[in-house]
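Structure first, commentary second.
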Amino acid sequence: MSSFSRGSVALQTPLIILLIILSFCSLAPQAAASPNDTLLWGPFRPNLYFGVRPRLPNSLLTGLLWANTEDFTTSQTNFRHTCEQNEGMAGYGWEEYDAQNGGRQTIHDTGNKLDLTIDFVKMPGGRHGGSWGARIKGTPREDAHPNLVTTLIFYAGLEGLGELAFQDADADADQNVILHGSTAELGDFNFVFSDSAENRMPYKTHPSWDEKPLDRPLLSSLQIPPEAIWQAKNVVFASMKQDIDKYIKEYGQENMPPPWASFAISKSPGPGNFHMIQKTFVGDFQFDVLFESASGPTVASKALTKAIAGTSTNFKTKFQDIFKPQPPFTKAAYTTFSESMFSNLFGGIGYFYGDSLVDRSYAPEYDEDNEGFWEETAEARARAEVVKDPAHELFTSVPSRPFFPRGFLWDEGFHLIPIAEWDLDTTMEIVKSWFNLMDEDGWIAREQILGPEARSKVPPEFQVQYPHYANPPTLFFIIDVLMDKAADPKFSDQKAHIESELQSLYPLLKRQYYWFRRTQSGDVKSYDREAFSTKEAYRWRGRTPQHILTSGLDDYPRPQPPHPGELHTDLISWMGLMSKTLLRLSTLLSETEDAGDFKAQHTAILRNIDDLHWSSQHKAYCDATIDDYEDSAHVCHKGYISLFPFMTGLMPPTHPHLPHILDLISSESELWSAYGIRSLSKSDEFYGTAENYWRSPIWVNMNYLIVKNLLDVAQSPAAPAKVKTQATKLYTELRTNLVKNVFDQWKATGFAWEQYNPETGAGQRTQHFTGWTSLVVVIMRMPDLSGDVEIKHGEL
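Residue numbers (our numbering): 211 to 1006.
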C-alpha cells in the first residue's frame, strides 16, 4: 500500500453529469488583494496540468483541458485536466519557473500523441496584481501523423461575487475573443484569446458543421454552484453530452459527426459564472491566453513573445548565480536536470482555501496513558463527532502534483530550503501562511486538506485531523535560514525586514514549541530511568502497533507492543532542534528571560538524548520502551532513527559517539548502498518487510540531512583528524551516488520519485515527486571535496 503518512491513495472522481439549471449558493466574504502584490497571480492550482488563479478566497479559477479527438474511444478517455499518475505521460512539468515572473512547462502526452509547451509570464503593475499571459503550443509526437486533431478547452469561473461574460460573442471569426470580468478585489479585467495565423482548423465533413463550425472558437456560458467550479471536467462533459444526445437523435449512431465535432461543448455564450472557450486544431498549433488587468499593463501577443524570452534569460542567469552545480556535476545535462527539479518544486506552489475536518472531542483516551491505548483511541475516534473547522487559506508547495496536491507540515520545511535560496519574499509568505493556521493551543494540522477539491484526492479514513497529533517541525529549518540571511552582509538591505518578520513569528514559534512539550511528553519518573533531566523525554501520539504516522516515518519498526512508557529518538531530536533554534532567535531578539529557559531546556535535551537513547551495546541511538519487568530497555532498529541526533545537527564534531555514527553510515551490511543511505539496516529482521515504506528505501530528504551534516563535520576545524577524514570521504561519495542515481532515474523515466530502491536504484512509489526529492539541487551546489580524498568506498 502506498504512503500512510500522507494518507493518500488517489481517488477517481466519478464521472457525474451535473445539472446545469442550478443557482448561486451563499458566499464567504473575500479578503482584499494587495495592491502591488507580485505574488497575487500564479499557476496556483498545482493539481491541474495548468490552472491559474489569484491568492484570494472565493475568486477566479481558470484551467485547461485537452484531448486527441481523432476517434471516439480516445476522445472519451484521454481528456486531460487534473494531474494523474496513470495517464501514460512521458514526463511533464516546469523546465523553468520563478514565482515572481513565470516560466515554461512542457507536457509529453503519449496517450494523446502530443507535446505541449506552456509559457506563463507575469507582468506586474497597477493596483490589482498586474497582468499575465500564457502561450500554449502543441506539436504532434513522432508516432502521430501530421494532421493530428487536438481539441483544447480553456475555462474561467467565478466562485464569488462579480461579473464574467463574453464580449461580442457573435463577432467575425478573425477577431480576438474577449471574456470580460470584474470583481471588487481584482477590479476590471479582460481575457483575450489570440490564435497564431499559422494554425490549421478542421474542415466541414458533416451537416452539423452548419450549426457548430469548428473553424472558429466555440463559446459556452453556464450558471453553476460556485462550489462545483473545481469539477470543471464534469461540467465540460455535461455540456458535450447535451449535443451528443441531440446528434444521436438527429443523425443516428451510424452517421454521427466526426469525433472532433461530437466532442464539442454546447455553443451557448451568455450570462453565467462559468465560461468555456474551445479550440480545435489540426497538426501544430499555438494560441495565447492574455489576462489584462484594467489597472495593469496592456498585454499583446508581440509583447508576450518578448516577455517569454526575457523571463527565460533571467531565469537561467539567476540559476547559474544561485544553484550552479559543482563538480562532478558540471555537464550541461546536470544543469538542465537541476533547473527542472527546482522549477517543478517552485512551480508546485499552490493556494488553497476551504474548511477542514477535525476531531475536537479531546477524548481522554487520546492521552494514550494506558497499556493497549491504541485500541482505546480507535474506539474514541469511532464515536467522535467530527466537525468542520472554519475555512482557512494556505500558500504552500506540494510534495507531488498528481498524488499529494496539498500542504504537508513535515514536507514543507524541506521544500523551503531551496526556495529560500532563490526568493526570500516567497519563502516568508509561505512560512507566515503556515503559522497562521495555528490554533490557540499551538497546534497545526500535519496534513492540510482544505475544501472539497482537496478532499476528493484523499480516502475518507485519512481526512480527519486530530489536535493532539504532531508532525516533525521542519519549518524551524527555515527560521535558522532566515537568521543566517539576516546575519549575512549580502542581505544587509533586507536585514531589517527579515528581523521584523522573525519578530512577528516569534510568539507563534514559541507557542508551537510549548505545545509539543505539553502534548508529546514522555515519562521518565514513573520508571526510575536514569537521566540528567526528568522532563526532557518525548513520544509521538497517534501510535498503533504497525505505524507512527505522526512521526513521518510511518512503518519504521518501533518497540512491540506499543507502550505508554515509550520514548522516541527522532522526537527528542526534533525537540533539540526546536530549542536550539528558539535559543538563537530569542537571543537575536533580546528576549533575555526566554533565552535562559531555552538554553536550560536545550542543554537538558542534549544530555537526555545520550542518557535515554544511546545504547552502548549496539553503539547506536535507539528508541526506549518498558520491558516485562517494568524496566526501561532499548529497542534498536538501526537506520534513520539511529542517525537523528546527527541529522538534526545536535552532535558536534567532537562528540564521543560520532565515530560510531559514521561507521554505521558507511557499513554496507547496515545502511550504505550504491544509491544512498537506506532507511533501515540491511541486517534488521524487518528489512524490506510488510509495506516496506520506511524499511529499506532511500529517501532524499533524510539523505540531504546526512550529506549536510557530513559536510559540516568535514569542514569543521574542531573535528579530530580521523573523524574529519572519514566524514569527508563519506560526504564525497554519498553526494555523488545520491545525485547520480536521482539524475539517472529522471533521465530514464522523465520523473523524480518519492523514494529509491536500495538494491537497484530504481525510482518507486509516487511519480512526479518534486517536493523534497528536489533537494538534490542544493546537494549539487555543495562544494566538491574530492580533491582532498580518495573516494573508493572500500577504504572507508
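The beta-carbon is built from N, C-alpha and C at its ideal position, and this holds for glycine as well.
Could you check how far apart the C-beta atoms of residue i and residue j are, in whole angstroms? I think they sit under 8 Å.
i    : j    : result
D329 : R345 : 4 Å
V608 : G661 : Incorrect: roughly 15 Å between the Cβ atoms, too far for contact.
K541 : L567 : 48 Å between Cβ atoms; not a contact.
I815 : M785 : 6 Å
A366 : T272 : 5 Å
S842 : R991 : Not confirmed; about 44 Å, so no contact.
G372 : G348 : That pair is no contact at about 31 Å.
W904 : D765 : 6 Å
Y259 : Y307 : Not really, about 14 Å apart at Cβ, beyond 8 Å.
At the level of alpha carbons, what is the spacing between residue i and residue j?
i    : j    : result
Y572 : P677 : 8 Å
C235 : D425 : Summary for C235: the model assigns pLDDT 30, below 50, so the residue's position carries little reliability, and this model does not support an answer.
T545 : G652 : 41 Å
D455 : D420 : 18 Å
R721 : V923 : 32 Å
V986 : S472 : 47 Å
F614 : V674 : 16 Å
Q192 : T980 : Residue 192 lies beyond the stretch modelled for the chain, which goes from 211 to 1006, so this question has no answer here.
A238 : G370 : Any reading at A238 must be qualified, since the residue scores a pLDDT of 35, below 50, and its modelled position is unreliable; the value itself is stated next. If I take the Cα positions, the gap works out to 8 Å.
S996 : T946 : 10 Å
P683 : M788 : 8 Å
E305 : T327 : 10 Å
K274 : G313 : Reading the sequence as shown, one finds Leu at residue 274 and not Lys. Roughly 17 Å separates the two Cα atoms.
W725 : D649 : 10 Å
E408 : D498 : 13 Å
E878 : E964 : 23 Å
A928 : G339 : 51 Å
A381 : P612 : Note that A381 scores a pLDDT of 49, beneath 50, so its modelled location is shaky; the value from the coordinates is reported in the next line. Taking the straight line from one Cα to the other gives about 39 Å.
N400 : A504 : 8 Å
K934 : R591 : 51 Å
H707 : D635 : 10 Å
K451 : K422 : 15 Å
I654 : A448 : 39 Å
R656 : R794 : 25 Å
Got a sec? Which residues, its chain only, sit under 8 Å from residue i by beta carbon, not counting five neighbours each side?
i    : result
V509 : M333, S341, W342, G343, V402, L500, F501, E502
A630 : T637, I688, V691, L692, K695
N322 : W276, A277, N278, T284, N288, R290, T360
W584 : E578, R753, T754, P755, P772
A601 : A238, P267, Y563, G564, D565, L660, G661
Excluding the five sequence neighbours on either side, which residues of its own chain have a C-beta within less than 6 Å of the C-beta of residue i, listed in chain order?
i    : result
T248 : Q310, P334
L429 : F376, A379, P479, I487
S743 : A814, N818
Please classify residue i as buried or exposed, where buried requires at least 16 other C-beta atoms within 10 Å of its C-beta.
i    : result
K526 : exposed
N357 : exposed
Q315 : buried
E663 : buried
Q463 : exposed
Q658 : buried
R888 : buried
E746 : buried
P481 : exposed
S458 : Correcting the residue identity first, residue 458 is Ile in this sequence and not Ser. With fewer than 16 other Cβ atoms within 10 Å, it is exposed.
A474 : buried
S213 : A caution first: S213 carries a pLDDT of 40, below 50, which makes its placement in the model too unreliable to give a value.
S891 : buried
A242 : Below a pLDDT of 50, predicted positions are generally treated as unreliable, and A242, at 42, falls in that range; no measurement from the model is reported.
R593 : exposed
Y839 : exposed
Only counting the same chain, and skipping five residues up and downstream in sequence, which positions put a Cβ closer than 7 Å to that of residue i?
i    : result
R749 : Q730, G732, E776, L777, H778, L781
E709 : A696
K829 : H870
A796 : Ala is not the amino acid found at residue 796; the sequence shown has Ser there. Excluding positions up to five away in sequence, the list reads D804, A805, F808.
W470 : T279, V359, T361, P412, L424, T490
Quick one: is the Cβ of residue i within less than 7 Å of any heavy atom of the ligand MN?
i    : result
N322 : Questions concerning the ligand MN fall outside what the structure shown contains, since it holds no ligand whatsoever.
List in chain order: all unbroken beta strand (DSSP E) runs of 3+ residues lying wholly within the segment 443 to 480. Those beta strand (DSSP E) runs which fall completely within the segment 443 to 480 and span 3+ residues do not exist here.
At what residue ranges does the segment 593 to 652 contain a whole run of the alpha helix (DSSP H), taking only runs of 4 or more? Listed in chain order, the complete alpha helix (DSSP H) runs (minimum 4 residues) inside the segment 593 to 652 are 619 to 632, 634 to 645.
Entirely within the segment 316 to 365 and at least 4 residues each: give me those alpha helix (DSSP H) ranges in chain order. Complete alpha helix (DSSP H) runs here, min 4: none at all.
At what residue ranges does the segment 482 to 551 contain a whole run of the beta strand (DSSP E), taking only runs of 3 or more? Complete beta strand (DSSP E) runs here, min 3: 484 to 492, 495 to 503.
Runs of alpha helix (DSSP H) lying entirely within the segment 942 to 994, each at least 4 residues, in chain order: With a minimum length of 4 residues, the continuous alpha helix (DSSP H) runs that stay inside the segment 942 to 994 are 986 to 991.
Could you tell me which whole beta strand (DSSP E) segments of length 3 or greater appear in the segment 270 to 325? Listed in chain order, they are 270 to 278, 299 to 308, 312 to 319.
Complete runs of the beta strand (DSSP E) confined to the segment 791 to 841 [at least 3 residues]: For the segment 791 to 841, whole beta strand (DSSP E) runs of length 3 or above, ordered along the chain, are 833 to 836.
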